[in-house]
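Numbering (the UniProt record's numbering), first residue to last: 1 to 319.
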């Protein structure tokens, strides 16, 4: 973590050196990571070949353990649940981290722009399909479900939450005694693209087409009517917005502040969903999920904070 500030905050500049730094740290803990990843299961959650997931189970008390569904980042065009890094460490490290803390971790792939011709709202469709798979896989079981999406993965989680097309699935996990959505963490998400780098324009147009301001996460949240908010309020689903100190200002930190401010103004008189805000120091846009599984307390502190928050939501829902 001490080496990160010198890299700057531009995402393209920090990507490769951050990967190198954390690959070395993860290799030091490879036996522990592999002790969990060797038992992982891979499943299809939809018809498209890209709609696949890895399932990591805790070694103990896996029955009825809470589930966390994570969608990785990658600028809408890249990323994978298993990156081609020697040792099969990324992102099995994240599966290991959450499984070692008593969570069943579901790490998904989703359709990408260009490679899979992803078009809005395909990211929300992929999240909804993965949730449907979870409800079927754990049918008849009481499971607390948490969502987690960083960067582009958070865009897709936001689409699922705030686009009216996904109300059927959202209703399914906000009522009843089966799988219940308790909270969603949106980490380092570009909630709007008003200050996006110019070289992102083609990708954004390929995915969103026209109406970017209305289709981006900020626009969906701002335009959401009561039919969208009702299942979130009924289920008391907590929305956890996070960022890190070395996120880029224009692309991430400024949109995060705007999203939070508008949410608070728009929903000030509403009982739920609650908005939880966290900021973690020391990490850049790429490093948080690479830090998981290093077993270095300072590196993993953001993840441990997240786990404690989720445990608190589980305890609160039981009261």
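Every residue, glycine too, gets a C-beta built ideally from N, C-alpha and C. None of the values given here were measured: they were computed from a predicted structure.
To the nearest angstrom, how far is it from the Cα of residue i to the Cα of residue j?
i: residue 240; j: residue 131; result: 19 Å
i: residue 184; j: residue 160; result: 11 Å
i: residue 98; j: residue 226; result: 34 Å
i: residue 221; j: residue 141; result: 31 Å
i: residue 50; j: residue 37; result: 20 Å
i: residue 15; j: residue 165; result: 34 Å
i: residue 193; j: residue 304; result: 30 Å
i: residue 28; j: residue 87; result: 11 Å
i: residue 320; j: residue 104; result: This structure cannot speak to residue 320, because the chain is shown only from 1 to 319.
i: residue 84; j: residue 90; result: 8 Å
i: residue 155; j: residue 75; result: 10 Å
i: residue 297; j: residue 101; result: 14 Å
i: residue 300; j: residue 288; result: 8 Å
i: residue 210; j: residue 204; result: 10 Å
i: residue 292; j: residue 94; result: 6 Å
i: residue 224; j: residue 169; result: 17 Å
i: residue 79; j: residue 247; result: 18 Å
i: residue 198; j: residue 189; result: 18 Å
i: residue 381; j: residue 284; result: Since the first and last residues shown for the chain are 1 and 319, residue 381 lies out of range.
i: residue 215; j: residue 26; result: 37 Å
i: residue 228; j: residue 167; result: 7 Å
i: residue 219; j: residue 200; result: 18 Å
i: residue 191; j: residue 177; result: 32 Å
Per the DSSP calculation, residue i is bridged to which residue(s)?
i: residue 240; result: 185, 276
i: residue 14; result: Bridge partners of residue 14: none, in fact.
i: residue 44; result: 52
i: residue 70; result: 107, 148
i: residue 246; result: 284
Going by DSSP in three states, residue i sits in which element: helix, strand or coil?
i: residue 145; result: strand
i: residue 283; result: strand
i: residue 253; result: helix
i: residue 180; result: strand
i: residue 126; result: helix
i: residue 9; result: coil
i: residue 234; result: helix
i: residue 26; result: helix
i: residue 136; result: helix
i: residue 296; result: coil
i: residue 258; result: helix
i: residue 3; result: coil
i: residue 165; result: helix
i: residue 101; result: coil
i: residue 199; result: helix
i: residue 116; result: coil
i: residue 90; result: coil
i: residue 77; result: coil
i: residue 269; result: coil
i: residue 159; result: helix
i: residue 304; result: helix
i: residue 191; result: coil
i: residue 172; result: helix
i: residue 206; result: helix
i: residue 36; result: helix
i: residue 219; result: helix
i: residue 314; result: helix
i: residue 211; result: coil
i: residue 84; result: coil
Of the choices the options, whose alpha-carbon is the least far from that of residue i?
i: residue 234; options: 180, 76, 13, 9; result: 180
i: residue 117; options: 77, 293, 81, 108; result: 77
i: residue 394; options: 190, 276, 311, 193; result: The displayed coordinates of the chain run from 1 to 319. Any statement about residue 394 would go beyond what the structure contains.
i: residue 137; options: 298, 42, 230; result: 42
i: residue 13; options: 111, 286, 279; result: 286
i: residue 61; options: 143, 218, 257; result: 143
i: residue 242; options: 231, 254, 232; result: 254
i: residue 311; options: 66, 284, 289; result: 66
i: residue 31; options: 1, 273, 163, 96; result: 96
i: residue 139; options: 306, 173, 260, 206; result: 173
i: residue 121; options: 5, 228, 208; result: 208
i: residue 35; options: 21, 23, 56; result: 56
i: residue 354; options: 114, 177, 281, 313; result: Any property of residue 354 remains undetermined from this structure, which presents the chain solely from 1 to 319.
i: residue 47; options: 82, 106, 126, 8; result: 126
i: residue 64; options: 19, 44, 134, 278; result: 134
i: residue 162; options: 52, 232, 106, 114; result: 232
i: residue 59; options: 44, 53, 40; result: 40
i: residue 114; options: 202, 191, 106, 128; result: 202
i: residue 54; options: 109, 314, 252; result: 109
Closest Cβ-Cβ distance between residue i and chain C: below 8 Å?
i: residue 227; result: Considering every chain present, this structure includes no chain C. It has just one protein chain.
Contact the region 133-149 vs the region 67-76: 3+ CB pairs below 8 Å: yes
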